[in-house]
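Colleague: Converting from the sequence shown to my numbering requires adding 18 to each position, the first position being numbered 1.
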Amino acid sequence: MTNGSRAIKALIIAAAVLAPAHAGYSAPSPSRSMVTGNVTSQPIGHYEFCKSLPQECAMRTRPTTPPKITDHGWGIIHDINASVNHAIVPMTDEQIYGREEVWAYPVDAGDCEDFVLLKRKKLMEAGFSVADLLITVVRKPDGEGHAVLTVRSQTGDFVLDNLNDDVKLWNETHYTFLKRQSSTDSGRWVTIENGTSDVLVGALQ
Numbered sequence: 019m020t021n022g023s024r025a026i027k028a029l030i031i032a033a034a035v036l037a038p039a040h041a042g043y044s045a046p047s048p049s050r051s052m053v054t055g056n057v058t059s060q061p062i063g064h065y066e067f068c069k070s071l072p073q074e075c076a077m078r079t080r081p082t083t084p085p086k087i088t089d090h091g092w093g094i095i096h097d098i099n100a101s102v103n104h105a106i107v108p109m110t111d112e113q114i115y116g117r118e119e120v121w122a123y124p125v126d127a128g129d130c131e132d133f134v135l136l137k138r139k140k141l142m143e144a145g146f147s148v149a150d151l152l153i154t155v156v157r158k159p160d161g162e163g164h165a166v167l168t169v170r171s172q173t174g175d176f177v178l179d180n181l182n183d184d185v186k187l188w189n190e191t192h193y194t195f196l197k198r199q200s201s202t203d204s205g206r207w208v209t210i211e212n213g214t215s216d217v218l219v220g221a222l223q
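#1: Please list, in chain order, all residues of the same chain as residue 201 whose beta carbon is under 6 Å from its beta carbon, the five residues on each side excluded.
#2: Starting from residue 63, follow the alpha helix (DSSP H) in both directions and report where the run begins and ends.
#3: Mapping the DSSP letters down to three states, classify residue 138 as helix, strand or coil.
#4: Can you tell me which of 190, 207 and 197 puts its alpha carbon nearest to the alpha carbon of residue 49?
#5: Quick check: what's the CA-CA separation for residue 208 versus residue 104?
#6: Taking the alpha helix (DSSP H) that residue 92 belongs to, which residues open and close that run?
#7: Would you say the region 150-170 touches the region 178-190, given that touching needs at least three Cβ pairs under 8 Å?
#8: Is it buried or exposed, residue 174, if we count other Cβ atoms within 10 angstroms and call 16 or more buried?
#9: Please classify residue 62 as buried or exposed, where buried requires at least 16 other C-beta atoms within 10 Å of its C-beta.
#10: Taking the straight line between their C-alpha atoms, what separation do you get for residue 82 and residue 145?
#11: Under the assumption that residue 85 contacts residue 199 (Cβ atoms under 8 Å), give the Cβ distance between them as a whole number of angstroms.
#12: Would you kindly work out how many angstroms separate the C-alpha atoms of residue 185 and residue 203, rounded to a whole number?
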């Protein structure tokens, strides 16, 4: 397949899952979307992942408004979330590699970060932009760290979680949101300023 053919195919796929962001666009309310802040520390596992696969962390995009996702696009999101959850056996890095904080594409087993990486890869292959698929670090109600995939959309930020087949609006989860990848630089991380908003505090109580 020529480069021109690949570009046309990518445009066709993207058109099927995303509608133009400007079409009837209205910004989602702050409670439906995360408010990001300053650049912050990169998780050590992601740093090592970037060293082994530098192309994964060298994706740059211009600031964009979140897209309007079509019904077909939402169907793909739900299908990929559930299919990856069922295909990969949850195991810790210690169990798999004998050490902690190894981020890698899983084959048949992995921990939360591995689930996120595979879902992100599959959604990019389905036509979603890297700017709208953001690895996100959260804290569970028991205080344990966890990773989920955030999908930016015109109607808010939604979470794909290996602990739940449902795709939920971020503030309908019971997590405290700490930081996520920048939407303009896949190797950079930013803080989440409203990760413990009143809505989330109420959910955690």
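Note that CB positions come from ideal geometry on N, CA and C, so glycine has one too.
Modeller: If we stick to the structure as given:
#1: 149
#2: 62-70
#3: helix
#4: 190
#5: 30 Å
#6: 89-105
#7: yes
#8: buried
#9: exposed
#10: 16 Å
#11: Going by Cβ atoms, the distance from residue 85 to residue 199 rounds to 17 Å, so no, they are not a contact pair.
#12: 24 Å
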